[in-house]
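For reference, the structure is listed below as structure tokens.
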Amino acid sequence: MKLIFVCTGNTCRSPMAESIAQSVFNKLDITIESRGIFAMEQQPISKLSEEILTENDLPQPSLTQSFSREDIDANIILTMSKSHKDIILSQYGTDALPNVFTLSEFVGEVDDIYDPYGGDKFTYQQTFNQIYDLIMKIDPKVLLENYI
Numbered sequence: 001m002k003l004i005f006v007c008t009g010n011t012c013r014s015p016m017a018e019s020i021a022q023s024v025f026n027k028l029d030i031t032i033e034s035r036g037i038f039a040m041e042q043q044p045i046s047k048l049s050e051e052i053l054t055e056n057d058l059p060q061p062s063l064t065q066s067f068s069r070e071d072i073d074a075n076i077i078l079t080m081s082k083s084h085k086d087i088i089l090s091q092y093g094t095d096a097l098p099n100v101f102t103l104s105e106f107v108g109e110v111d112d113i114y115d116p117y118g119g120d121k122f123t124y125q126q127t128f129n130q131i132y133d134l135i136m137k138i139d140p141k142v143l144l145e146n147y148i
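Numbered by UniProt numbering, the letters in the sequence shown go through residues 1 to 148 in order.
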């Protein structure tokens with residue numbers, strides 16, 4: 001099973017989500033990655049994201065990657081905002097429709113995840129906490145039973 005988190009630049013939100021989910025679902029047979037709608041290829045994540053992940057003993061994600069047509073084949077694509085979801089659906093149409101959700105939507109909530117880019121450490125920590133709380137609401141059984 002493959003799960004991809006998507007944000008704008010793949011430097012803040014989606015890499016944090018990738019690391020959190022890798023830690024939470026480490027005993028499951030799930031490949032977890034992250035992408036950016038407008039990511040510059042092979043760049044490091046933001047320093048504050050890296051710092052917060054390190055402070056929480058979470059794995060450091062790989063270098064930034066752009067979302068591409070091949071990523072549509074993932075079992076689940078979880079975006080950080082409705083606008084990310086809308087962009088994927090407009091670019092890839094019905095190929096993407098059944099497996100693209102916002103992270104909030106996937107767990108029955110509605111709020112977009114605030115982009116901390118350019119903010120201070122407190123802002124990044126708030127975003128991390130929001131992502132962490134949402135990922136903790138994902139039922140592993142739902143993932144494995146419905147999206148393989």
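For each residue, glycine too, the CB sits at the ideal point set by N, CA and C.
Going by Cα to Cα distance, which pick from the options is closest to residue i?
i, options, result
"residue 55", "137, 144, 141, 124", "124"
"residue 53", "8, 126, 93", "126"
"residue 115", "102, 3, 8, 2", "8"
"residue 6", "107, 122, 35, 62", "35"
"residue 12", "25, 38, 28, 3", "38"
"residue 117", "4, 1, 14", "14"
Put residue i into one of helix, strand or coil per three-state DSSP.
i, result
"residue 24", "helix"
"residue 41", "coil"
"residue 89", "helix"
"residue 66", "strand"
"residue 49", "helix"
"residue 72", "helix"
"residue 137", "coil"
"residue 142", "helix"
"residue 167", "The chain is shown from 1 up to 148; residue 167 falls before or after that span and cannot be answered."
"residue 113", "coil"
Measuring CB to CB, does residue i end up less than 8 Å from residue j?
i, j, result
"residue 88", "residue 100", "yes"
"residue 41", "residue 22", "no"
"residue 132", "residue 20", "yes"
"residue 80", "residue 103", "yes"
How many angstroms separate the CA atom of residue i from the CA atom of residue j?
i, j, result
"residue 82", "residue 140", "23 Å"
"residue 72", "residue 46", "25 Å"
"residue 110", "residue 134", "11 Å"
"residue 143", "residue 93", "23 Å"
"residue 17", "residue 10", "10 Å"
"residue 77", "residue 106", "10 Å"
"residue 137", "residue 28", "16 Å"
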